[in-house]
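K.L.:
Residue numbers (my numbering): 252 to 734.
Right, I'll just put the structure down here and ask away after.
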């Protein structure tokens with residue numbers, strides 16, 4: 252247990268520690284919900300709220316009392332961090348906190364094979380609360396319980412209304428908005444592969460996953476999907492997809508005019524969806540790659556470049572995603588593509604957990620640090636850390652936890668996250684060292700690097716004797732892990 256200067260995540264703007272410690276036995280007036288969920292005892296200590304400040308949070312710990320001024324959710328997260336680390340003692344300390352980002356979100360893919368239970372989602376929400384995130388997006392694809400279409404997702408672990416409602420309400424108790432992330436244009440293959448809906452596909456083989464937006468029945472179908480989700484979730488945000496729809500305008504929609512109209516079809520289609528969302532008083536979010544003509548060959552990008560000039564994007568928040576390892580200046584320029592046009596955005600780095608058994612720590616941390624540093628410098632109001640489950644989602648959700656802590660520390664603190672992980676979570680530093688070894692591509696690639704680069708399909712590992720992989724790492728590093 253650390254008995255030096257108190258450790259908090261993210262690093263506060265100011266912290267003054269007297270060096271004195273008080274005996275702690277619990278609170279008299281913390282909510283019973285928080286006490287139960289975070290294992291806090293009933294005791295003599297009192298929490299006193301002295302005022303509200305939308306900009307900063309002030310916390311003073313003195314004998315038998317914690318006083319705070321400002322955002323209650325952030326203040327309670329800080330108090331619980333102290334209790335979690337020190338249990339029977341609390342430091343005499345004054346803390347000042349100020350968040351750079353208003354929107355601090357985590358976006359989790361639950362639809363590619365790793366469908367988490369309600370209890371797992373609650374565990375994630377508790378960690379997000381403790382780390383001071385305030386938004387949690389569930390990437391659902393076909394796993395929402397549509398009443399109008401009871402066959403969708405039924406064999407893939409789709410949630411019930413009661414399960415989702417329990418998760419949403421649990422998040423609300425923690426001050427976290429749980430909101431849906433849908434796919435309504437591309438990445439719809441798990442729906443379009445069903446016989447009842449395959450005729451709505453843009454491509455003749457529905458595995459491509461893009462819906463035929465010129466088909467009135469297809470549009471009505473998507474509108475119905477959207478309406479049910481809008482009516483179910485109480486929050487103000489909904490993500491309406493829109494990424495990687497490269498087949499749009501190249502299949503059935505090409506048959507009639509015999510000319511490629513992908514960008515025009517995209518704009519017309521999303522104009523309708525944005526209007527539906529706005530009519531419900533909610534704010535649509537949309538992936539930015541097609542709007543920004545990103546991740547395309549030049550001969551494709553030239554068709555899409557004018558799309559960004561459409562006025563309809565002013566009614567959305569564009570999720571500017573990029574998972575590459577690039578310097579901060581690269582991300583500054585990417586952010587300015589939207590900001591100079593007056594478009595609202597949040598940036599979306601990636602945790603690099605897809606197509607593998609363990610996250611690629613080095614690549615993820617490099618991407619997160621550069622992208623979030625650029626976003627903070629450019630005054631972007633939020634971020635959405637993304638975790639994907641491509642190819643089966645074998646990377647356990649618990650493996651993402653250190654990167655979630657690192658992300659918020661990079662975004663709002665100093666970026667020095669490792670000691671904070673050990674102190675807050677209570678994990679042995681040697682376990683963290685093992686995590687970092689597993690999180691290095693070189694640990695499991697080595698001889699394949701020249702072929703695969705930083706992409707490590709997990710199938711390589713399946714064909715490899717793991718004991719042979721260990722000796723590729725230096726003997727000295729392995730010996731450091733042995734007691």
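Where is the CB? At the ideal position from N, CA and C, for every residue including glycine.
Just so you know, these numbers come straight off a predicted model, no measurement behind them.
By Cβ distance, which residues of its chain are closer than 7 Å to residue 698, with the 5 residues on each side in sequence left out?
P.N.:
In this prediction, residue 698 has a pLDDT of 36, which is less than 50 and means its spatial position is unreliable; what the coordinates show is noted afterwards. Answer for residue 698: no residue qualifies.
K.L.:
Which stretch, first to last residue, makes up the alpha helix (DSSP H) that contains residue 483?
P.N.:
467 to 483 is the extent of the alpha helix (DSSP H) around residue 483.
K.L.:
Ignore the nearest five residues each way along the sequence and tell me which others in residue 377's own chain have a CB closer than 8 Å to its CB.
P.N.:
Within the same chain, residue 377 has close Cβ partners 288, 289, 425.
K.L.:
Closest to residue 524 by CA distance: which of 469, 645, 304 is it?
P.N.:
Considering only alpha carbons, the answer is 469.
K.L.:
Tell me the start and end of each unbroken alpha helix (DSSP H) in the segment 302 to 367 that is at least 4 residues and wholly inside, in chain order.
P.N.:
Those alpha helix (DSSP H) runs which fall completely within the segment 302 to 367 and span 4+ residues are 323 to 337.
K.L.:
Would DSSP call residue 545 helix, strand or coil?
P.N.:
In this structure, residue 545 counts as coil in the three-state DSSP scheme.
K.L.:
For the alpha helix (DSSP H) containing residue 422, name the first residue and the last one.
P.N.:
That run of the alpha helix (DSSP H) goes 412 to 424.
K.L.:
Per DSSP, which residues does residue 599 bridge with? Please list them.
P.N.:
According to DSSP, which records beta bridges pairwise, residue 599 is partnered with 572.
K.L.:
Taking the Cβ atom as the reference point for each residue, do residue 369 and residue 389 lie within a distance shorter than 9 Å?
P.N.:
Not a contact, by the Cβ cut-off of 9 Å.
K.L.:
Where does residue 490 land, buried or exposed, given buried means 16+ other C-beta within 10 angstroms?
P.N.:
Buried is the call here.
K.L.:
On the three-pair Cβ rule with 8 Å, is the segment 597 to 617 touching the segment 635 to 646?
P.N.:
Judged by Cβ distances under 8 Å, the segment 597 to 617 makes contact with the segment 635 to 646, as three or more pairs qualify.
K.L.:
Report the option in 371, 396, 328, 669 whose CA atom is closest to the CA atom of residue 383.
P.N.:
Nearest of 371, 396, 328, 669 to residue 383, Cα basis: 328.
K.L.:
Which one or two residues does DSSP pair with residue 267 in a beta bridge?
P.N.:
Paired residues: 345.
K.L.:
Under a Cβ-count criterion, where at least 16 other Cβ atoms within 10 Å of its own Cβ denotes burial, should residue 296 be classed as buried or exposed?
P.N.:
Under this definition residue 296 is a buried residue.
K.L.:
Smallest Cα separation from residue 266: which of 309, 323, 279?
P.N.:
Among 309, 323, 279, the Cα nearest to that of residue 266 belongs to 309.
K.L.:
If I measure Cβ to Cβ from residue 735 and keep anything under 7 Å in the same chain, skipping five residues before and after, which residues do I get?
P.N.:
Given that the chain is displayed from residue 252 to residue 734, the structure contains no residue 735 and the question cannot be resolved.
K.L.:
Can you tell me the Cα-Cα spacing of residue 500 and residue 392, whole angstroms?
P.N.:
Near 22 Å, if we compare the C-alpha coordinates of residue 392 and residue 500.
K.L.:
Tell me whether residue 339 is buried or exposed, calling it buried when 16 or more other Cβ atoms sit within 10 Å of its Cβ.
P.N.:
Residue 339 comes out exposed.
K.L.:
Of all the options 506, 557, 645, which has the alpha carbon lying nearest to the alpha carbon of residue 454?
P.N.:
With distances taken between Cα atoms, residue 454 lies closest to 506.
K.L.:
What residue from 312, 555, 584, 538 has the CA that sits closest to residue 435's CA?
P.N.:
Nearest C-alpha to residue 435: 538.
K.L.:
Closest to residue 570 by CA distance: which of 556, 535, 578 is it?
P.N.:
Selected option, being the one with the closest Cα: 535.
K.L.:
Using only CA atoms, which one of 264, 255, 257 lies nearest to residue 664?
P.N.:
Out of 264, 255, 257, 264 has the C-alpha closest to the C-alpha of residue 664.
K.L.:
Would the beta-carbon of residue 626 fall within 9 Å of that of residue 586?
P.N.:
A contact, by the Cβ cut-off of 9 Å.
K.L.:
Taking the C-alpha atoms as reference points, what is the distance between residue 282 and residue 346?
P.N.:
Between residue 282 and residue 346, the C-alpha separation is close to 22 Å.
K.L.:
Looking only at DSSP bridge pairs, what is residue 637 linked to?
P.N.:
Per DSSP, 358, 601.
K.L.:
Let's test the definition: count the other Cβ atoms within 10 Å of the Cβ of residue 631 and tell me whether it reaches 16, buried, or not, exposed.
P.N.:
Per the 10 Å Cβ criterion, buried.
K.L.:
Using C-beta distances below 6 Å, list every residue in its chain close to residue 642, excluding the 5 sequence neighbours before and after it, in chain order.
P.N.:
These residues qualify, in order along the chain: 606.
K.L.:
Roughly how many angstroms separate the alpha carbons of residue 707 and residue 609, rounded to a whole number?
P.N.:
Bear in mind that the predicted position of residue 707 carries a pLDDT of just 48, short of 50, making it unreliable; the figure below should be weighed with that in mind. Computed Cα separation, rounded: 10 Å.
K.L.:
Could you check if residue 353 is buried or exposed, using at least 16 other CB atoms within 10 Å of its CB as the buried criterion?
P.N.:
By the 10 Å Cβ count, residue 353 comes out exposed.
K.L.:
Return the Cβ separation of residue 361 and residue 394 in integer angstroms, given the expectation that the two are a contact with Cβ distance under 8 Å.
P.N.:
With 8 Å as the limit, residue 361 and residue 394 qualify as a contact, their Cβ atoms being about 6 Å apart.
K.L.:
What does the Cβ neighbour count give for residue 496, buried or exposed, with the cut at 16 atoms within 10 Å?
P.N.:
Its Cβ being crowded by 16 or more others within 10 Å, residue 496 is buried.
K.L.:
Indicate whether residue 485 and residue 423 have their beta-carbon atoms separated by less than 9 Å.
P.N.:
Their beta carbons are under 9 Å apart, which means residue 485 touches residue 423 by this criterion.
K.L.:
Would residue 645 and residue 676 be called neighbours here (beta carbons separated by less than 9 Å)?
P.N.:
The answer is no: Cβ separation not under 9 Å.
K.L.:
Considering only residues of the same chain and omitting the five flanking positions on each side of residue 275, which have a CB-CB separation below 8 Å?
P.N.:
Correct list, in chain order: 294, 296, 334, 337, 338, 339, 340, 341.
K.L.:
Compare the Cα-Cα distances from residue 299 to each of 441, 549, 278 and report the closest residue.
P.N.:
For residue 299, the nearest C-alpha among the options comes from 278.
K.L.:
Return helix, strand or coil for residue 389, following the three-state DSSP convention.
P.N.:
If DSSP states are grouped into helix, strand and coil, residue 389 belongs with the strands.
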